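Going by numbering that gives the first Met the number 0, the first residue of the sequence shown is number 0, and it counts up by one from there. Note that the Cβ used here is the ideal one computed from N, Cα and C, for glycine as well. This structure is a prediction, so every number in the text was calculated from the model and none was measured.
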Amino acid sequence: MEIDAITIQANIRLVQERIAQACLAAGRPLDSVRLLLATKTVSAERIRVALEAGCTLIAENKLQELKAKYADLQDLAPDHHFIGHLQSNKIKELLRYELTCLQSLDRLEVAQKLNQRLLAAGKSLDVLIQINSSDEESKFGVHPQEAEALLRGVAILPALRIKGLMTIGLFSADTERVRACFQRMRDLQQELMALAIPNVELQELSMGMSGDLEIAIAEGATIVRVGTAVFGARMYPDSYYWNEAIG
Ligand SMILES: *Cc1c(COP(=O)(O)O)cnc(C)c1O
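(1) Less than 8 Å between the C-beta atoms of residue 103 and residue 86, yes or no?
(2) What are the partner residues of residue 142, as DSSP defines its beta bridges?
(3) Under the criterion of a Cβ to heavy atom distance below 7 Å, does residue 174 qualify as lining ligand 1?
(4) For residue 58 and residue 39, I'd like the C-alpha separation in whole angstroms.
(5) Could you pull out every unbroken alpha helix (DSSP H) segment of at least 4 residues lying fully inside the stretch 79 to 125, listed in chain order?
(6) What residues are listed by DSSP as bridge partners for residue 174?
(7) Would DSSP call residue 224 helix, strand or coil?
(8) Here's a check: name, in chain order, each residue in its chain whose Cβ is nearer than 6 Å to the Cβ of residue 169, leaving out the five neighbours to either side.
(9) May I ask you to verify whether the stretch 227 to 244 touches the stretch 108 to 124, counting CB pairs closer than 8 Å and requiring at least 3?
(10) Straight-line CA distance for residue 68 to residue 3?
(11) If you draw a straight line from the C-alpha of residue 115 to the C-alpha of residue 20, how long is it?
(12) Verify the contact flag: residue 192, CB atom, against every heavy atom of ligand 1, threshold strictly below 7 Å.
Written out as structure tokens, the structure reads:
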């Protein structure tokens, strides 16, 4: 059974409260963390409930889902990010939609193609570099040791503006190992900032999801990406979205 509107509204309040508590505990201002709703598998009707309840930032993992829901939500003018693995041959189509940020950039080849397309259209795009902070082969993202090279390659592309880093943390009940991933992200952010590469801003750290957003906020997240805690459990395993072989 699909989740009802009342439950979505109540869930949003709970998540907002969790974010507020985590900010308080970390001594951070409440407005230093944005809530992004990860809307994969969720119908436009249910996303609408969340937007009407005050959420403004949403993101899909797959172009087909963006395509299927985009027009239905246009009247609410949500801020659309994209958080899925992007294949080169989908870039042209993705750019038909008004995105404010691509959070999942992890390959120079894709960045170069994006840049060409954007320049041709007279547009530009904010991007985050996706980092594989957990060393799990099944996850996308550039390895931390390769981040500097990618950053330098992307920094010279005039249509892309690097705004920060994104990661999917380790899934583990061992919170200290999860925390270590997020600390690694913050350390990497500091190291990369210290390089002072022209045209690179790195203030955004997109990390933390339904299960670990408190830890991520404690470690400096500026965007938390939440799906399950608002919309309930999904039918498909996340490997469908996160694993190249299946996705
Ligand atoms: C699904 C997804 C999320 C949200 O995950 P939940 O555990 O459902 O909160 C966050 N980031 C990415 C990239 C996702 O695909």
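On the basis of the supplied data:
(1) No, these two residues do not count as a Cβ contact at 8 Å.
(2) As computed with DSSP, residue 142 is found in no beta bridge at all.
(3) No; taking the cut-off as 7 Å, the Cβ of residue 174 has no heavy atom of ligand 1 nearer than that.
(4) Taking the straight line from one Cα to the other gives about 8 Å.
(5) Annotation note: the stretch 79 to 125 contains the following uninterrupted alpha helix (DSSP H) runs of length 4 or greater, listed N- to C-terminal: 90 to 93 and 107 to 120.
(6) Paired residues: none, contrary to the question.
(7) DSSP places residue 224 in strand when its eight states are reduced to three.
(8) Listed in chain order, the non-local C-beta contacts of residue 169 below 6 Å within the same chain comprise 133, 176, 177 and 180, local neighbours out to five positions each way being set aside.
(9) Taking one beta carbon from each stretch, the stretch 227 to 244 and the stretch 108 to 124 have fewer than 3 pairs nearer than 8 Å; the two do not touch.
(10) Rounded to the nearest angstrom, the gap between the Cα atoms of residue 68 and residue 3 is 18 Å.
(11) About 43 Å.
(12) Ligand 1 has no heavy atom closer than 7 Å to the beta-carbon of residue 192.
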